[in-house]
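From first to last, the protein sequence lines are chains A and B. Heads up: the first sequence is residues 1 to 711, going by our numbering. Heads up: the second sequence is residues 1 to 77, going by our numbering.
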Amino acid sequence: MSAHHTLRVALVGNPNSGKSTIFNQLTGLRQKTGNFPGVTVDIKAGNLRLPDGREAELLDLPGTYSLHPTASDERIVTAIFANPADHFYPDVAVYVADATNLEKHLLLLTQLMDLGLPVVVALNMTDTVQEMGMQLNAPALAAEINAPVVCVSGRTGDNMPLLIEEIMRTADKKNAPTPAKPFYRFREIETQVAEAISLNLRVDNPYRALLIGHHFEWLPFLGEEEKATLRAIIQTKSFIPLRAQVDETLDRYDRFPPLVEKTVKKPQSAPENTTDRIDAVLTHRIWGPILFAAVMLMVFQSIFDWSSIPMDYIEAVFTDLNGWLGERLPAHWLSSLLTDGIMAGLSGVLVFVPQIALLFFLITLLEEVGYMARVVFMFDRIMRRFGMNGRSIVALISGGACAVPAIMSSRTIGNWQERLITTMVTPFISCSARLPVYAVLIALAVPSKRIAGVLNLQSLTFGGMYLLGITAALASGWAMKKWLRTREASYLAIELPVYRMPHWKNVWLTVWEKVSAFVWGAGKIILLISVVLWALASFGPGDAMDRAAMAAQTTAAAKNLDETAAADLIAAKKLEASWAGVLGKAIEPAIRPLGYDWKIGIALITSFAAREVFVGTMSTIYSIGSANDELALRQKMKAARFDDTGLPVYSLATALSLLVFYALAMQCMSTLAVVKRETGSWKWALLQFVFMSLLAYTGAWLAYIGASWWG
Amino acid sequence: MQRRYRTIPDLHLHESARAIAFNNPALAGKLTAMGLLPGSMVEMVRTAPFGQAYYIKADGVRMALRQEEAAGVLLEV
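Have a look at this one:
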């Protein structure tokens, strides 16, 4: 090993092996989630300090049961281990196994061992083993598999130093020849295939050659020429990979019982049944969904309501800070860039932090105790009709508060297509930012009448907006499912883990990771768009804005307006003359069929930053920017007339059309930024933007035509 | 003529039977990797609230299977 090469250590194990808990124990805050090119699955990387002062890179590979993957999200692990030149190929693999259920964890371990790379086994959950009255004989296992075995507990952190020491010792003797003979004994045909592949592709390890023979069709490091060679090999040998994989798995399993008997002594006691009793209620036909609804209501309440306290505080701090800066800085466009562009963008980023932190605190808690797997089980059928997965329901419900953390939560969906559909349709769910827009428009256009004595027409319209969002989300999911139609089989087949107390360190680290991922990932884009929108509203063609300001000043003087009213009028006229105003007028022909004038056009453009900006922009345009008063705005909007026809702008038809537009349109740069981050490319983010905008336009047009015709 | 096997959806609540085989190799790959093997004792715990999925135990390990996956696991009569 050269001195410049950093030691790379990878954690490998089944889902539910407690791998991530051990990763968190070993690295603490010294970790980052990589969005590695071409990798759609999370690989976390962290720093591991060795006792001799060296630093090693620790990778947390996605949990998988076998090196023969059955779903695309499990392929990454096989792709790494089949290719020693892979960027992630480790010097040492740490295999995490659940000691309470050792037999099921030996499959992947023996596959890994057969690849001939140095492996350290971490026998996890030793605290539970003791509680259950079981006894572990680690040296016996070590002797059987010819690899070091350390008993650890991710929960209590027991023996972590010992594990690190063992990793270092194994890394240092890695150049020693591996004397162990492979665990798995090849059948005749497998030997032939492996030999042919070793010869043709110069693969040094027989089991690696066999793995390539099984999976070359999708292994990313092989070229077309190599694949053709491999195809010819398996054809001449009449090798049937799928069948051979199952035979291999069964052969391995046949040899585990004696191994387990030597390692684990189980007491003669009844099996654990707390989980059964809890599940009798939590997954009950009737109580299950009801309790889930209650849990989700609490989650929704917390991101909708509880987080408003810190959010209001963050906004107040920024408003004060901006006011303070505004008073002290000279009146120059650079000052305005700082206060209205950069600071506004920063506040737009940070204001989401409480919601993201709270949502992930609660979701991680549910995940940690083992409840999420039950949610998938209960709702899989419903969500699958719409191209999603049982887990998607959490994202959709959270989307009712805010699409940004909701989309981030869809990462737990293993199947890429189902995760993509969830990401694409979540923004249709009416989020909290649409509320102020709905509130102004409904109050403006819908009469506060009671129907049948109890139902208020305005409340009904509110409910209708939410229903519209849900319908749009599910219908789009269904359509996307038809459109994407992958050949990859979608599996439910999940383990329902034993209920456990949450591991708090995991919870806090997840919250920390999500918040920082949002601030540094999506935050940059939000800041950028915010500055662009500021520039559009602050600059105009030539000296048009200055002339507009002068003209407004003259008008104000002639009308004898007071200072605030004059300032409001100037702001309104300047906005009209700015590039945003020019754009608003330019798109007027396009939005006229929806019943909008150029003033609404300006608001449509500026509220791309975030929907709630609509209300603020309308206030500025209607010269009440300083009043910040919904009632005043409503009166102004009610009085507004079209410039040419003189008809009122805000008829019921226009208001309904705007409502539909805001319910369906992707008017949120933060969501766009998060979708780009989560899908790894602008492709899906832009597709979503175009699709939602077209749908919103069509929907708004239909609403306008329908309402004009009818009323 | 009597059938020589049943599948998981044929099981009554809390009834157990031994798995013998799988009806397609892809499913076999998935389930054997998870520890549901020919020879495993499969117990029906309950069906999902909205149907089309089963909560089972295979040798004591709890797992959830979709209808078509469950129907692919052949059991002893």
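C-beta: ideal position from N, C-alpha, C; glycine also. On a predicted model such as this, the values are computed, not experimentally measured, just so you know.
Among the residues facing chain B, residue 273/A is not included, as its CB has no counterpart in that chain under 8 Å away. Against chain B, the CB of residue 246/A has a partner CB under 8 Å away; the residue lies at that interface.
Look at residue 517/A here: in three-state DSSP terms it is helix. Taking 8 Å as the upper bound for CB-CB distance, residue 100/A and residue 129/A are in contact here, some 6 Å apart. Of all alpha-carbon atoms in 355/A, 369/A, 462/A and 490/A, the one lying nearest the alpha-carbon of residue 413/A is that of 490/A. Among the residues of the segment 363 to 386 of chain A, those with a Cβ less than 9 Å away from any Cβ of chain B are 373, 374, 376, 377, 378, 379, 380, 381, 382 and 384, in the order of the chain.
Counted as a single uninterrupted DSSP element, the alpha helix (DSSP H) harbouring residue 19/A occupies residues 19 to 27. At the C-beta level, residue 574/A and residue 545/A come within 8 Å of one another. Look at residue 34/B: its C-beta is under 8 Å from a C-beta on chain A. Measuring C-alpha to C-alpha distances from residue 346/A to each of 245/A, 484/A, 277/A and 523/A identifies 523/A as the nearest. Chain-order list of chain A residues neighbouring residue 76/B: empty, with the shortest C-beta distance near 17 Å, by a criterion of under 7 Å. With its beta carbon less than 8 Å from one in chain B, residue 104/A belongs to the interface.
Within the same chain, and ignoring the five residues on either side of residue 24/B in sequence, the residues whose Cβ sits closer than 8 Å to its Cβ are 72. Taking 7 Å as the Cβ-Cβ cut-off, the segment 46 to 76 of chain B approaches chain A at 46, 48, 49, 50, 51, 52, 53, 55, 60, 61, 62, 63, 64, 65, 66 and 69, given in chain order.
Beta-bridge pairing by DSSP links residue 7/B to 74/B. For residue 17/B, no Cβ of chain A is located within less than 8 Å of the residue's own Cβ.
Between the segment 436 to 449 of chain A and the segment 312 to 330 of chain A, the count of C-beta pairs closer than 8 Å stays below three; the two stretches do not touch.
The way I'd put it, the segment 375 to 385 of chain A does touch the segment 278 to 297 of chain A; three or more beta-carbon pairs between them come closer than 8 Å.
For the segment 50 to 81 of chain A, the set of positions with a beta-carbon nearer than 7 Å to some beta-carbon of chain B reads 65, 66, 68 and 70 in chain order.
In the DSSP assignment, residue 590/A forms no beta bridge with any residue. Chain B places a beta carbon closer than 8 Å to that of residue 249/A, counting this residue as a contact.
Residue environment: residue 68/A is assigned as buried (16 or more neighbouring CB atoms within 10 Å of its CB, all protein chains considered). In the DSSP annotation of this structure, the continuous segment of the alpha helix (DSSP H) that includes residue 142/A starts and ends at 138 to 145.
Residues are counted here when their Cβ sits less than 7 Å from a Cβ of chain B; for the segment 492 to 508 of chain A these are 492, 493, 494, 495 and 496, given in chain order. Judged by DSSP in its simplified three-state form, residue 645/A adopts coil rather than helix or strand.
Around residue 456/A, the same chain offers 448, 449 and 450 as residues with beta carbons nearer than 8 Å, after the five sequence neighbours per side are excluded. In the DSSP assignment, residue 312/A falls within the alpha helix (DSSP H) that extends over 308 to 328. For the 8 Å CB-CB criterion, residue 442/A and residue 426/A do not form a contact.
The C-alpha of residue 93/A is placed about 21 Å away from the C-alpha of residue 220/A.
Of the residues assessed, residue 550/A falls on the exposed side of the cut-off, its CB having fewer than 16 other CB atoms within 10 angstroms. Any Cβ of chain A closer than 8 Å to the Cβ of residue 11/B would place that residue at the interface, and such an atom is absent.
No Cβ-Cβ contact shorter than 8 Å links residue 542/A with residue 582/A. With a contact defined as Cβ atoms closer than 8 Å, residue 526/A and residue 64/B miss out at about 39 Å. The beta-bridge partner set that DSSP reports for residue 53/B consists of 66/B. The bridge partners DSSP lists for residue 451/A are 455/A. In the structure shown, residue 15/B falls within a coil segment according to DSSP collapsed to helix, strand and coil.
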